[in-house]
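In this text, residue positions in the sequence shown follow this note's numbering: the first is 21, and each later residue adds one.
Virtual Cβ for every residue (Gly too), placed ideally from N, Cα, C.
These numbers were taken from a predicted model, which means no experiment stands behind them.
Here is the structure we will look at, set down as structure tokens.
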Amino acid sequence: MQNPIVNTDESYDTLESYKKPTVMVDIAIFTVEDNTLKVLLIKRGIAPYKDCWALPGGALRVEQDESLETAALRELAEETGVNPQLGAQRQYLEQLHTYGGRNRDPRGWTVSVTYFALVAINEVSLRAGTDAMAAQWHTITGHRVDIPLAFDHEDILHDAITRLRSKLDYTDIAVHLLPKEFTLSELQRVYEIIMQEKLNKSSFRQRVDRAGIVKPIKGRMRTGSNRPAQLYQFIQHKHDRMFFPRSIAWAQERKR
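This is the structure:
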């Protein structure tokens, strides 16, 4: 449906006549390392909240950023050295929510468009930059980290973790937290770490097999102290996400 044609003879106020809030972009970027879910935080090098930890992010630059997504990725690269590419098969970025208010930032009225992202720990290297003093992975317990966060970033992190756990239950996004080659046990372990529950091995593998999201790599095995395990890789489907017919958690309940 086409938008109605604007009558150029009409008189109306321009947008410049309205006071505008500052538009921010913030990212909750997750990984799995040492059997724990972790989020990337930066230590702020400038006021407000100097020396406090926060999610990576910053202000939208109208003259530079083509979209909210590119603004978020620019801030992430500038502050942490992490430089994911839009549309890349091995990376995942999704808009989370919009937060706004007069009192969420002491500098004035702000609107923050937030994202959550997933990366495999072996595919990133951190480097603090611009106004960040440090960039580090922090362990998540429940819906939080064990340190206070600047602004309303604790609320944003809580919402991002809730979204991640919800989507993990019925989509294939867990593969973005794994290396290019992985075992089914490693895939299951990612689900268990994030969902915070033990999954039935047989049921889990049946669900993954029916979903058709991975395929074995011919001739590739993981060797070590245990029995060799078949290596798998993610199947890139025509559509971005492959939804499970039933949730992983629902299948576990049926097994009990």
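- GLN216 versus ILE237, GLY128, GLU95 and SER186, residue with shortest Cα-Cα distance: As a working note, residue 216 is residue 196 in the sequence shown. The option with the nearest alpha carbon to GLN216 is SER186.
- Query: With LEU197 and ALA140 assumed to form a contact (beta carbons below 8 angstroms), what rounded beta-carbon distance in angstroms separates them?
  - Reply: By one-based count along the sequence shown, residue 197 stands at place 177. By one-based count along the sequence shown, residue 140 stands at place 120. The pair is a contact, with the Cβ atoms about 6 angstroms apart (cut-off 8 angstroms).
- Distance between ALA194 and MET153 (C-alpha atoms, nearest Å): Locating residue 153 in the sequence shown gives position 133, where the first residue counts as 1. Locating residue 194 in the sequence shown gives position 174, where the first residue counts as 1. Looking at the two C-alpha atoms, the distance is approximately 30 angstroms.
- Identify whether TYR112 lies in helix, strand or coil by the three-state DSSP scheme. What you label residue 112 is simply residue 92 of the sequence shown in a count that begins at 1. Taken through DSSP and simplified to helix, strand or coil, TYR112 comes out as strand.
- Item | Contact between the stretch 83–98 and the stretch 177–186 (3+ Cβ pairs under 8 angstroms) | no
- Task: For LEU207, collect the residues of the same chain with a Cβ closer than 6 angstroms to its Cβ; drop the 5 residues on either side in sequence, then sort them by chain order.
- Result: Within the sequence shown, the letter at position 187 stands for residue 207. Excluding positions up to five away in sequence, the list is empty.
- Query: Can at least three beta-carbon pairs, one atom from the stretch 142–159 and one from the stretch 97–104, be found at a separation below 8 angstroms?
  - Reply: Yes: the two stretches touch, three or more of their Cβ pairs being nearer than 8 angstroms.
- Residues sharing a beta bridge with TYR119, DSSP: In the sequence shown, the residue the question calls residue 119 occupies position 99. Note: TYR119 sits in a beta bridge opposite SER132.
- Item | Pick from LEU219, THR243, ARG225 and TYR252 that is closest to LYS235, judged by C-alpha positions | Locating residue 235 in the sequence shown gives position 215, counting from the first residue. Taking only the C-alpha atoms, the option nearest LYS235 is TYR252.
- Beta carbon of PRO199, beta carbon of ASN142: below 8 angstroms? The residue labelled residue 199 in the question sits at position 179 within the sequence shown. The residue labelled residue 142 in the question sits at position 122 within the sequence shown. Contact: yes.
- Item | In chain order, each beta strand (DSSP E) run of at least 3 residues that lies wholly inside the stretch 24–74 | 42–53 and 56–64
- Task: Express the C-alpha separation of GLY77 and ILE47 in angstroms, rounding to a whole number.
- Result: Translated into the one-based positions of the sequence shown, residue 47 becomes position 27. Translated into the one-based positions of the sequence shown, residue 77 becomes position 57. About 6 angstroms.
- Query: Ordered along the chain, which non-local residues of its own chain (more than five positions away) have a Cβ less than 7 angstroms from that of ILE25?
  - Reply: One-based indexing of the sequence shown puts residue 25 at position 5. None.
- Is DSSP giving ALA97 helix, strand or coil here? Locating residue 97 in the sequence shown gives position 77, where the first residue counts as 1. Three-state DSSP puts ALA97 in a helix.
- Would you kindly work out how many angstroms separate the C-alpha atoms of ALA108 and LYS218, rounded to a whole number? On the sequence shown, position 88 is the one that residue 108 refers to. On the sequence shown, position 198 is the one that residue 218 refers to. Confidence is the limiting factor: at ALA108 the pLDDT is only 49, short of 50, which leaves the residue's position unreliable, though a coordinate-based value still follows. ALA108 and LYS218 have their C-alpha atoms roughly 31 angstroms apart.
- Query: Could you give the C-beta distance for THR159 and LYS70, rounded to a whole number, given that I count them as a contact under 8 angstroms?
  - Reply: Walking along the sequence shown from the start, residue 159 turns up at place 139. Walking along the sequence shown from the start, residue 70 turns up at place 50. Going by Cβ atoms, the distance from THR159 to LYS70 rounds to 24 angstroms, so no, they are not a contact pair.
- Message: Could you check whether TRP129 and PRO41 sit closer than 8 angstroms to each other, using their CB atoms as the reference points?
- Response: Along the sequence shown, read from residue 1 onward, the residue named residue 41 stands at position 21. Along the sequence shown, read from residue 1 onward, the residue named residue 129 stands at position 109. Yes, the pair counts as a contact, with Cβ atoms nearer than the cut-off.
- Under 8 angstroms between the Cβ atoms of HIS5 and LEU75? Absent from the model: residue 5. The displayed extent of the chain is 21 to 276, so no value can be given.
- Task: Closer than 6 angstroms by C-beta to ALA92: which residues in its own chain qualify, once you throw out the five before and the five after it? Chain order, please.
- Result: Here residue 92 corresponds to residue number 72 of the sequence shown, with the count starting at 1. So the list reads VAL45, ILE47 and TYR135, once near-sequence residues are dropped.
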